[in-house]
Amino acid sequence: MSIPVTREIVSPKTEDKIRDRVRKVTEFQRPDGNARIVTEDDLDAMYDFFALPAVSGPIYTVEKPVTKDSVLRHVRRKAEAQTKGEGFMLASFDEAGRVTGYFDFTIWPNWSAAEFGGATHPDQQSSGRGRDGIFRSIDFVFETLGVHRLCFTAAHDNIRSIKLIDAMGMTRMGEVTSKGPNGQTRQSLVWEMTADDWKHIRMRM
Numbered sequence: 005m006s007i008p009v010t011r012e013i014v015s016p017k018t019e020d021k022i023r024d025r026v027r028k029v030t031e032f033q034r035p036d037g038n039a040r041i042v043t044e045d046d047l048d049a050m051y052d053f054f055a056l057p058a059v060s061g062p063i064y065t066v067e068k069p070v071t072k073d074s075v076l077r078h079v080r081r082k083a084e085a086q087t088k089g090e091g092f093m094l095a096s097f098d099e100a101g102r103v104t105g106y107f108d109f110t111i112w113p114n115w116s117a118a119e120f121g122g123a124t125h126p127d128q129q130s131s132g133r134g135r136d137g138i139f140r141s142i143d144f145v146f147e148t149l150g151v152h153r154l155c156f157t158a159a160h161d162n163i164r165s166i167k168l169i170d171a172m173g174m175t176r177m178g179e180v181t182s183k184g185p186n187g188q189t190r191q192s193l194v195w196e197m198t199a200d201d202w203k204h205i206r207m208r209m
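Take 5 as the starting number for the sequence shown in our numbering and just add one per residue.
Following this line, the structure appears as structure tokens:
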């Protein structure tokens, strides 16, 4: 089984609309600064960020071992995905040009579904910004991209993420085998929620 677990084909018109919105993404506002699309010009900063084990260790979409070449491949994969309307990668930077956080989005326009993962710099993981960043990103997926369903995955040992996702009231859908860019696999718990689910969750907060 792989994500999304729930697969409902949407009309070609809806699919095209989602692809168009994904292609047009350039930035969005995060609590740790304005996040923008990552380009090859950001390679050094992204490498320094992903080279931190606390950042890249839990993220299956980051190729291991982390090298400048592997990070460049990742940046190029996401640029190609955005050209197709199927994903993108955003990062926020401090005044010194250091990455303070990033989000990696995968979109399935034909199913009106999305997944995103990300990380904040270890220096900021106790500030509460990570939780706020996730909430804003969920709003962004449903309101800006117009996607109907959102998926989350987390490894069994990623207790911090599991607690956060469960606390938000998302629905567990079992387990999936997550596959990384160089073929590595990981058993992951998976959650899903719809745009309507999120509206009700937001009302309870």
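Even for Gly, the Cβ is constructed at its ideal location relative to N, Cα and C.
None of the values given here were measured: they were computed from a predicted structure.
Go ahead and label residue i buried or exposed: buried means 16 or more other beta carbons lie within 10 angstroms of its beta carbon, across all protein chains shown.
i	result
ARG153	buried
SER116	buried
GLU67	buried
GLU99	exposed
GLU44	exposed
By Cβ distance below 7 Å, which residues in the same chain neighbour residue i in space, the five residues on each side in sequence not counted?
i	result
THR30	ARG40 and ILE41
SER141	PHE107 and PHE120
SER23	What sits at residue 23 in the sequence shown is Arg, not Ser. Cβ within range, chain order: GLY89 and PRO113.
Do residue i and residue j have their CB atoms nearer than 8 Å?
i	j	result
ALA123	ILE163	no
PRO185	ARG27	no
Leaving aside the five residues before and after residue i along the sequence, list all residues of the same chain whose C-beta is less than 8 Å from its C-beta, in chain order.
i	result
LEU47	LYS72, VAL75, LEU76 and VAL79
ALA1	Within the shown structure, residues of the chain are numbered from 5 to 209, placing residue 1 beyond reach of any answer.
LYS181	It should be pointed out that residue 181 corresponds to Thr in this sequence rather than to Lys. Excluding positions up to five away in sequence, the list reads MET5, SER6, THR189, ARG190, GLN191 and SER192.
Thinking just about the alpha-carbon of each residue, which of the options is nearest to the one in residue i?
i	options	result
ARG25	GLN128, LEU168, GLU90 and GLY137	GLU90
PRO126	THR110, PHE139, GLU119 and TYR106	TYR106
ALA158	ILE22, PHE32 and THR65	THR65
ASP136	ILE169, PHE109, VAL151 and THR110	ILE169
LYS17	GLY150, ALA58 and MET197	GLY150
MET172	THR148, GLU179, ILE111 and HIS204	HIS204
VAL145	ASP52, GLN128, ASP161 and ALA118	ALA118
Can you list, in chain order, the residues of its chain whose CB lies under 6 Å from that of residue i, leaving out five sequence neighbours each side?
i	result
SER60	PHE54, VAL66 and VAL70
Going by the C-beta, is residue i closer than 7 Å to any heavy atom of the ligand PLP?
i	result
MET209	Looking at this structure, you won't find the ligand PLP or any other ligand, since it has none at all.
Segments assigned beta strand (DSSP E), at least 3 residues, entirely inside the segment 80–126: 91–97, 103–112 and 117–124
Ranges of the alpha helix (DSSP H) found wholly within the segment 157–194, counting only runs of at least 4: The qualifying runs are 163–171.
4 or more residues per run - each alpha helix (DSSP H) lying fully within the segment 6–53: 16–27
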